[in-house]
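In my numbering, the protein residues as written are 134 to 478.
Heads up, the beta-carbon is just placed ideally off N, CA and C, and yes, glycines get one too.
Computed from a predicted structure; not experimentally measured.
Shown next, in structure tokens, is the structure this report addresses.
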Ligand code: TRP
């Protein structure tokens, strides 16, 4: 039986923050650790071609991609695990070619319904800044997934529609050519159930605990970068927004700031939420809680920053090159099957 493929693309346009770590990197580390039985092939890639769809410093794109992949390694992604493939999208050109092919099996109307695109274009002042690349970005994402017959795609709620689009496109293609050429990834709800085993929480902004922690909402004080110093961490957490109830409870509705801090504490200490809730429930001194969070975040980030120092470019580049050769073979094989079916060969 071929292994089920877990596949996810981690945008590397900018530096990572604590929300990326807890919601994106930690679940993957858990998944890799739990994969003792080696039942999964785990594909983690940098969607560098996707970087063009939003403003990006192109001078630094290649370097930034490498830096972020190094950070993965510093966080604990093992390079010597044969079931783990780290790679760069643009180094496997089948992604681009399949995107073009799939574009011709996607209607304008269907693409126009993507809400992420509609949300994003509202941020642009002039239509001239909105590219066709941003519009058709979900097709590239579908190609990323379909080339490797991936089943499990750990992504957040914001990618639900893109995943559903990928499934529809694959089903339509299979029906059109009467062949099971594409494997249909699991639907979003199944993905979420599967992902729950590896816990993928959303961490909120320290300043605006009603919003998720993000670099894009111009919220530097609410966002802890993985490169922050101990002082910066302490400052940001000390000034985190809480409430005046003077009683700690895990309650997103009425105490989102406190609840966010409790969550950070739980995930960084690998404690269950119920343990954390029990430990803190009813206590009134918020500064105690903040102090505990500061210590946990500092300890975690210090460790990551220290191990990053010993992650060498060469070792990561060697892994990338090795895996890119391997995956080019797989992707090209798939592409050739598709070229045949649609009449190009
Ligand atoms: N669109 C994803 C994001 O913005 C990144 C991504 C690109 C991706 N290709 C993918 C995620 C394929 C999963 C599978 O976060």
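- If you check the beta carbons only, do residue 451 and residue 225 fall under 7 Å apart? In the chain shown, counting from the first residue as 1, residue 451 sits at position 318. In the chain shown, counting from the first residue as 1, residue 225 sits at position 92. Contact flag unset, no.
- Query: Pick out every residue whose C-beta is nearer than 6 Å to a heavy atom of the ligand TRP: which are they, in chain order?
  - Reply: Qualifying residues, in the order they occur: 140, 141, 142, 144, 180, 183, 274, 277, 278, 286, 288 and 292.
- Query: If we call anything under 7 Å between Cβ atoms a contact, is residue 389 one with residue 342?
  - Reply: Taking the chain shown and counting its residues from 1, the one referred to as residue 389 is at position 256. Taking the chain shown and counting its residues from 1, the one referred to as residue 342 is at position 209. Their beta carbons are under 7 Å apart, which means residue 389 touches residue 342 by this criterion.
- Message: Please report the distance separating the alpha-carbon of residue 378 from that of residue 384.
- Response: Walking along the chain shown from the start, residue 378 turns up at place 245. Walking along the chain shown from the start, residue 384 turns up at place 251. Near 12 Å, if we compare the C-alpha coordinates of residue 384 and residue 378.
- Message: For a minimum of 3 consecutive residues, which ranges assigned as the beta strand (DSSP E) are wholly contained in the segment 193 to 221?
- Response: 217 to 221
- Task: Count the other CB atoms, across all protein chains shown, that sit within 10 Å of the CB of residue 265; report buried if there are 16 or more and exposed otherwise.
- Result: Taking the first residue of the chain shown as 1, we reach residue 265 at position 132. Flag for residue 265 reads exposed.
- Taking all protein chains shown into account, decide if residue 476 is buried (16 or more other Cβ within 10 angstroms of its Cβ) or exposed. Here residue 476 corresponds to residue number 343 of the chain shown, with the count starting at 1. Per the 10 Å Cβ criterion, exposed.
- Query: What is the rounded straight-line gap between the Cα of residue 423 and the Cα of residue 228?
  - Reply: Looking up residue 423 in the chain shown gives position 290. Looking up residue 228 in the chain shown gives position 95. Between residue 423 and residue 228, the C-alpha separation is close to 45 Å.
- Look at the alpha carbon of residue 151 and the alpha carbon of residue 239, and state the distance between them as a whole number of angstroms. As a position in the chain shown, residue 151 is number 18, starting the count at 1. As a position in the chain shown, residue 239 is number 106, starting the count at 1. A direct Cα-to-Cα measurement between residue 151 and residue 239 gives close to 36 Å.
- Could you check which residue in 259, 315, 295 and 258 has the C-alpha nearest to that of residue 282? Your numbering for residue 282 matches position 149 in the chain shown. The shortest Cα separation from residue 282 among 259, 315, 295 and 258 belongs to 315.
- In its own chain, which residues sit with a C-beta less than 7 Å from the C-beta of residue 401, not counting the 5 before and 5 after it? Looking up residue 401 in the chain shown gives position 268. Around residue 401: 429, 430 and 433.
- Query: Which residues share a DSSP beta bridge with residue 345?
  - Reply: For this step, residue 345 is matched to residue 212 along the chain shown. DSSP lists 337 as partners of residue 345.
- Task: Going by CA-CA distance only, name the one from 438, 168 and 143 that's closest to residue 156.
- Result: Counted from its first residue, the chain shown places residue 156 at position 23. The option with the nearest alpha carbon to residue 156 is 143.
- Message: Are the CB atoms of residue 340 and residue 354 within a distance shorter than 7 Å?
- Response: For the purposes of this step, residue 354 is taken as the residue at position 221 of the chain shown. For the purposes of this step, residue 340 is taken as the residue at position 207 of the chain shown. Yes, they are a contact pair.
- Item | Backbone CA spacing between residue 472 and residue 234 [nearest angstrom] | As a position in the chain shown, residue 472 is number 339, starting the count at 1. As a position in the chain shown, residue 234 is number 101, starting the count at 1. Residue 472 and residue 234 have their C-alpha atoms roughly 9 Å apart.
- Task: Just tell me which of 373, 289 and 243 has its CA closest to the CA of residue 302.
- Result: Residue 302 sits at position 169 when you count from the first residue of the chain shown. Checked all of 373, 289 and 243; the closest Cα to residue 302 is 243.
- Message: Considering Cα atoms alone, identify which of 394, 179 and 412 is closest to residue 345.
- Response: Indexing the chain shown from 1 puts residue 345 at position 212. Ranked by Cα distance from residue 345, the options 394, 179 and 412 are led by 394.
- Is residue 147 helix, strand or coil when you go by DSSP? Along the chain shown, one-based indexing puts residue 147 at 14. Here residue 147 sits in coil by DSSP.
- In whole angstroms, what separates the C-alpha of residue 220 from that of residue 467? Mapped onto the chain shown, residue 220 falls at position 87. Mapped onto the chain shown, residue 467 falls at position 334. Their backbone Cα atoms lie some 18 Å apart in a straight line.
- Query: CB residue 366 to CB residue 381, shorter than 7 Å?
  - Reply: Here the question's residue 366 lines up with position 233 in the chain shown. Here the question's residue 381 lines up with position 248 in the chain shown. The answer is no: Cβ separation not under 7 Å.
- Message: For the pair the segment 287 to 296 and the segment 317 to 324, tell me if three or more CB-CB distances fall below 8 Å.
- Response: yes
- Report the rounded CA-to-CA distance for residue 201 versus residue 177, giving the unit in angstroms. Your numbering for residue 201 matches position 68 in the chain shown. Your numbering for residue 177 matches position 44 in the chain shown. The alpha-carbon atoms of residue 201 and residue 177 are separated by roughly 12 Å.
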